[in-house]
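As structure tokens, the structure follows; a few thoughts come after it.
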Amino acid sequence: MTAADTRALGYRVYEAINARNIAALEELFDPRVIRHATGEIGIESVKNAVAHAFPTTFPDKCFVVEDVLVEGDKAALRVTVHGVPVASGQPQPVIIEIFRIENGRVAEVWGAGTSR
């Protein structure tokens, strides 16, 4: 994949998450994807994470990709979380993720953030 392809994949992942498009996630992630933050392996863990990312208390929650940096087979993303309550003067919650791409799909994910 080119750097542009890898960057576009990062955006497509979050477009699918915001749309709650499980079928798209199955195309974007390797079936054996490794989620290092949770120790989970497999696409089911991604689908479960997306299902729980949108609690009914925050129906307008969405993720906005602010930056994507690409190096080799990895993409680092800075994502802000919108549609959740933020105390006055506090910044929007932020997620930093690194995707390792293999055969055009996300094969590994490392992440940390202040998401709610």
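Here the sequence shown is numbered in UniProt numbering, starting from 1 and rising by one per residue.
We put the CB at the ideal spot given by N, CA and C, even for glycine.
Contacts around V79, its chain only, beta-carbon distance under 8 angstroms, and the 5 residues preceding and following it disregarded:
Translated into the one-based positions of the sequence shown, residue 79 becomes position 79. Excluding positions up to five away in sequence, the list reads Y14, F63, V64, V65, E66, V94, I95, I96, E97, G113.
Beta carbon of V109, beta carbon of R35: below 8 angstroms?
For this step, residue 109 is matched to residue 109 along the sequence shown. For this step, residue 35 is matched to residue 35 along the sequence shown. Yes, the Cβ-Cβ distance between V109 and R35 is below 8 angstroms.
Of all the beta strand (DSSP E) runs that stay within the bounds of the UniProt domain "SnoaL-like" (12-109), which reach a length of 3 or more residues?
29-35, 62-71, 74-82, 94-102
Please look up how many angstroms separate the CB atoms of A37 and G111, rounded, as I've assumed it's under 8 angstroms.
Against the sequence shown, residue 37 aligns to sequence position 37. Against the sequence shown, residue 111 aligns to sequence position 111. Indeed, because the Cβ distance is near 5 angstroms, the residues count as touching under 8 angstroms.
Measuring straight from C-alpha to C-alpha, what distance separates T2 and G72?
As a first step, residue 2 must be located in the sequence shown, where it is residue number 2. As a first step, residue 72 must be located in the sequence shown, where it is residue number 72. Going by the C-alpha atoms only, they are around 9 angstroms apart.
Among residues of its own chain, excluding the 5 on either side of S45, which ones have a beta-carbon nearer than 8 angstroms to its beta-carbon?
Position 45 of the sequence shown holds residue 45. Here the set comprises V33, R35, T38.
With a 10 Å radius around its C-beta and 16 neighbouring C-beta atoms as the bar for buried, classify residue 162 as buried or exposed.
Because the chain here runs from 1 to 116, residue 162 falls outside it and cannot be looked at.
Since G113 sits in a beta bridge, which residues does DSSP pair it with?
As a working note, residue 113 is residue 113 in the sequence shown. DSSP output for G113 lists I95 as bridge partner(s).
Cβ neighbours of L28 in the same chain (closer than 8 angstroms, five flanking residues each side left out):
On the sequence shown, residue 28 is found 28 positions in, with the first residue counted as 1. Only L9, R12, V13, A16, R105, V106 meet the Cβ criterion.
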